[in-house]
Every structure is written in C-alpha cells, then in structure tokens.
Amino acid sequence: DAGVIQSPRHEVTEMGQEVTLRCKPISGHNSLFWYRQTMMRGLELLIYFNNNVPIDDSGMPEDRFSAKMPNASFSTLKIQPSEPRDSAVYFCASSPTSGRDNEQFFGPGTRLTVL
Amino acid sequence: SQQGEEDPQALSIQEGENATMNCSYKTSINNLQWYRQNSGRGLVHLILIRSNEREKHSGRLRVTLDTSKKSSSLLITASRAADTASYFCATSPIGAGNKLTFGGGTRVLVKP
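See the structure below:
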C-alpha cells in the first residue's frame, strides 16, 4: 500500500524564493496534518485539515506560510518569500478519520534548505 | 509550546537490555501515543493508550499512563540494534479536536 507521499524530498533554494511542498495523503484518509521539525523547536504542528477544511492554523508561523487542500488527495504548503530560518524538515501526515483515537501516518518528509 | 516532555533526552544501552523512557504532559488528555523515528525518516506510530487505560502491551512494548501525575512511560524489553531511533510521545488534549502535540523525543542508541 502506498503511504503518504511527499515531494520534493529535498529542496534547496535561495532566500526570497517561493517554495511549494506537496503532499498526497493515504487514500480514504479524512485528516491531513503539516508539521515542521527542527533541532531547536522539535516537531511543531503548522496546520491541519479535516475533510479538506482547515481546522487549526494557529501553528503557521507567519503570513509567509500558506496551505491549501483543494481535494481529498492533495495538499500544498507554500512559503513566500522563504527565509533561512525556514530551513527544516517538513512532514505531512494523514489520519483515517477526524476522531480523537486515531494514529497519524507520516510521510518521509521534505528537507528544505534556504540559503 | 510542547505539551509532552520526554525524559531522558538520550539513552544508550546494550542489546538485550530494557529501555525505559518517560513522558510528562500538562493538560488533560483524550489519549497518549508513542511514535518512533528512524534517522532521516518520518514518524511511525507504535501504540495508543486512552485516558481511561493504565497499561497497554504490544509485542516488546509496554506503555503505562498515570493521569493523576500526567505522565506516561514506554518500556522496550530485550532491545535490539534495530530499536535505535528517537521515540516521541504525543498527546491528544481534551478540547483540541484530533490534533496531537509532540514532545521533544528521547534518542535511544542500542549497541550490539
């Protein structure tokens, strides 16, 4: 079975450039989560969607960050303009339902480096 | 801010020994979950324990939950080199929908 798919796996860009990260959740899953992981701050939830609707975006650090989920099988996280402090590993995860007792299935992550 | 805090931050043991790590949290929860992360990979779910449960087993894993102390422990018995990874606790706070809040993790090194 295909798990959560993220692309690209690695992204190196220069400060000021737009970065778009992509995620395909597991088919049939209704919840999708975007996380950022750094050594300093650990794993932080940025935003999550239930049934393609954004539920909580309180973790989005700034207006430079935006996320969309146009349909049940695709989501994007965009950073515009990017800054060196955005360098991190970004994970997408999906969950079968919006119920509380559900595990999350993580993708392999996108390692972003902003020079 | 992180809900869960793991202790210790790092642990080094010999193959065959048991590994124990702890997680403390701050608010009331629906459940607590443990995840493993191998270097350079995504997190993998290990076990979920609900707030009305006190202990749960899965293979070589044993998880306890003490809601009065707001703490949990993960025990890996008879560790193997393949258990080398970072382990994270994640809490589902009451009133927070279906989102999880992750702790900082415990890095476990199992030496062959």
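If you're matching them up, the sequences are chains G and W in order.
For the first sequence, position 57 matches number 94 in this note's numbering, and the numbering has no gaps at all.
For the second sequence, position 71 matches number 1142 in this note's numbering, and the numbering has no gaps at all.
Yeah, the Cβ is synthetic: ideal placement off N, Cα and C, and Gly gets one too.
Chain-ordered chain G contacts of W/K1097 [CB-CB under 8 Å]: As a first step, residue 1097 of chain W must be located in the second sequence, where it is residue number 26. By Cβ distance, chain G contributes nothing, its closest Cβ being about 15 Å from W/K1097, past 8 Å.
DSSP three-state assignment for G/A130, whether helix, strand or coil: Taking the first residue of the first sequence as 1, we reach residue 130 of chain G at position 93. G/A130: strand per DSSP, three-state reduction.
Distance between G/L152 and G/V25 (C-alpha atoms, nearest Å): Only positions 38 to 152 of chain G appear in this structure, which leaves residue 25 of chain G out of reach.
W/P1183 and W/A1156 closer than 8 Å at C-beta: As a first step, residue 1183 of chain W is located in the second sequence; it is residue number 112 there, counting from the start. As a first step, residue 1156 of chain W is located in the second sequence; it is residue number 85 there, counting from the start. Contact: no.
Beta carbon proximity, W/R1151 to chain G, threshold 8 Å: In the second sequence, counting from the first residue as 1, residue 1151 of chain W sits at position 80. With 8 Å as the cut-off, W/R1151 does not count as an interface residue toward chain G.
Nearest-angstrom Cα separation, counted from G/G136 out to G/L58: To locate residue 58 of chain G, count along the first sequence from 1; it is residue 21. To locate residue 136 of chain G, count along the first sequence from 1; it is residue 99. In a straight line, the C-alpha of G/L58 is about 26 Å away from that of G/G136.
Which of helix, strand or coil DSSP assigns to W/A1167: Within the second sequence, the letter at position 96 stands for residue 1167 of chain W. Of the three classes helix, strand and coil, the one that applies to W/A1167 here is coil, per DSSP.
Rounded straight-line distance, which links the Cα of G/D123 to that of G/L80: Against the first sequence, residue 80 of chain G aligns to sequence position 43. Against the first sequence, residue 123 of chain G aligns to sequence position 86. Distance between the alpha carbons of G/L80 and G/D123 is about 13 Å.
G/G144 vs G/Q43 beta-carbon contact at 8 Å: Here residue 144 of chain G refers to the residue found at position 107 of the first sequence. Here residue 43 of chain G refers to the residue found at position 6 of the first sequence. Cβ atoms of G/G144 and G/Q43: closer than 8 Å.
Contact between the segment 1110-1117 of chain W and the segment 1081-1097 of chain W (3+ Cβ pairs under 8 Å): no
Residues that G/H21 bridges to, as DSSP identifies them: With chain G covering 38 to 152 only, the question about residue 21 of chain G has no answer from this structure.
CB contact check: W/N1093 to chain G, cutoff 8 Å: Here residue 1093 of chain W refers to the residue found at position 22 of the second sequence. For W/N1093, the answer is no, since every Cβ of chain G falls outside 8 Å of its Cβ.
Extent of the continuous beta strand (DSSP E) to which G/P107 belongs: As a position in the first sequence, residue 107 of chain G is number 70, starting the count at 1. Where G/P107 is concerned, the enclosing beta strand (DSSP E) stretches over F102 to N108.
Beta-carbon proximity check, G/A130 vs G/L114, cutoff 8 Å: For the purposes of this step, residue 130 of chain G is taken as residue 93 along the first sequence, with counting starting at 1. For the purposes of this step, residue 114 of chain G is taken as residue 77 along the first sequence, with counting starting at 1. No, these two residues do not count as a Cβ contact at 8 Å.
Burial state of W/S1139, where buried means 16 or more other Cβ atoms lie within 10 Å: In the second sequence, counting from the first residue as 1, residue 1139 of chain W sits at position 68. Classification for W/S1139: exposed.
G/F102: contacting residues in chain W (beta-carbon distance under 8 Å): The count along the first sequence starts at 1 and reaches residue 102 of chain G at position 65. Here the premise fails: no neighbours, minimum Cβ distance about 17 Å.
Own chain partners of W/A1081 with C-beta closer than 6 Å, once the 5 adjacent residues on each side are dropped: Along the second sequence, one-based indexing puts residue 1081 of chain W at 10. Hits under 6 Å: R1178.
Euclidean distance between Cα positions of G/F70 and W/E1088: Taking the first sequence and counting its residues from 1, one reaches residue 70 of chain G at position 33. Taking the second sequence and counting its residues from 1, one reaches residue 1088 of chain W at position 17. Taking the straight line joining both Cα atoms gives about 35 Å.
Bridge-paired residues (DSSP) for W/Q1108: One-based indexing of the second sequence puts residue 1108 of chain W at position 37. DSSP lists W/L1114 and W/S1157 as partners of W/Q1108.
Simplified DSSP assignment, three categories, for G/D123: Taking the first residue of the first sequence as position 1, residue 123 of chain G is located at position 86. In the structure shown, G/D123 sits in a helix (DSSP, three-state: H, G or I).
Run of the beta strand (DSSP E) containing W/E1062, from where it starts to where it stops: With chain W running from 1072 to 1183 in the structure shown, residue 1062 of chain W is simply not present.
Whole-number beta carbon distance between W/S1083 and W/L1146, since they are thought to touch under 8 Å: On the second sequence, residue 1146 of chain W is found 75 positions in, with the first residue counted as 1. On the second sequence, residue 1083 of chain W is found 12 positions in, with the first residue counted as 1. Actually they are not in contact, since the Cβ atoms of W/L1146 and W/S1083 sit about 16 Å apart, beyond 8 Å.
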